[in-house]
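S.K.: In this note's numbering, the protein residues as written are 1 to 194.
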């Protein structure tokens, strides 16, 4: 399945992908902050992401790309197998076991449909200034030229996530000025001085 989805995954997605690492994600973020007009950074944290993945939606996403019913059934069985803790088996209808061999790919598939494709369309249709996106698994950073774009994006993303029963962590999700993030002046202030 990795080979199939590698052709679909977007360039700003770095987590658990062949030839990509957290260092590549940090390099992309650094380059984006230096080369684009980014004054605001939205640091997103999805509360309990791996535990919140809805099996029903994940299977729909997989069926969208994988036509072989045998593969889909195997994934459903893996998801429904549950977790064995202290000798007790717990079955759930949501979540994917962290540390499970298929969990990183399944998490990327889920966020590809829930976040990546959505943010790509949002950027093209709704943003008035530059936008950069870097995602490493469920850790997401989005940079904006305009604070109004950042605030609107935050509100619309929270609404989007609710549809898939995901939630932005209220204490860990935050909007920061670029000076706070990397110690440089925002692009607008640099332009005024020139």
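Backbone N, C-alpha and C fix where the C-beta goes; we use that ideal spot for every residue, glycine too. Note that the structure is predicted; figures quoted are calculated from it, not measured.
May I ask which residues mark the beginning and end of the beta strand (DSSP E) holding residue 144?
M.R.: Note, residue 144: beta strand (DSSP E), 139-144.
S.K.: Can you give me the C-alpha to C-alpha distance between residue 123 and residue 37, rounded to a whole angstrom?
M.R.: If you take the alpha carbons of residue 123 and residue 37, they lie about 14 angstroms apart.
S.K.: Helix, strand or coil, according to DSSP, for residue 196 in the structure here?
M.R.: Missing from the structure shown is residue 196; the chain here goes from 1 to 194 and no further.
S.K.: Would residue 178 and residue 42 be called neighbours here (beta carbons separated by less than 8 angstroms)?
M.R.: Their beta carbons are not under 8 angstroms apart, which means residue 178 does not touch residue 42 by this criterion.
S.K.: Tell me which same chain residues have a C-beta within less than 6 angstroms of the C-beta of residue 25, skipping the five on either side of it?
M.R.: 14, 134, 136.
S.K.: Rounded to whole angstroms, what's the CA-CA distance from residue 167 to residue 52? Just pull it up for me.
M.R.: Their backbone Cα atoms lie some 9 angstroms apart in a straight line.
S.K.: Mind the definition here: the segment 75-94 touches the segment 145-158 only if three or more C-beta pairs lie below 8 angstroms; say whether that holds.
M.R.: Output reads no: the segment 145-158 does not touch the segment 75-94.
S.K.: Leaving out the 5 sequence neighbours to the left and right, which residues in its chain are closer than 7 angstroms to residue 10 when beta-carbon positions are compared?
M.R.: The answer, listed in chain order, is 116, 120.
S.K.: Rounded to whole angstroms, what's the CA-CA distance from residue 2 to residue 18? Just pull it up for me.
M.R.: Residue 2 and residue 18: Cα-Cα distance of roughly 9 angstroms.
S.K.: Could you tell me the distance, in whole angstroms, from the CA atom of residue 165 to the CA atom of residue 106?
M.R.: Straight-line Cα distance between these residues: approximately 16 angstroms.
S.K.: Enumerate in chain order the residues of its own chain whose CB-to-CB distance from residue 96 is below 7 angstroms, with the five nearest sequence positions on each side excluded.
M.R.: Answer for residue 96: 50, 53, 79, 103, 106, 107, listed in chain order.
S.K.: Could you pull out every unbroken beta strand (DSSP E) segment of at least 3 residues lying fully inside the segment 71-127, listed in chain order?
M.R.: DSSP runs (the beta strand (DSSP E)) wholly in the segment 71-127: 83-85, 88-90.
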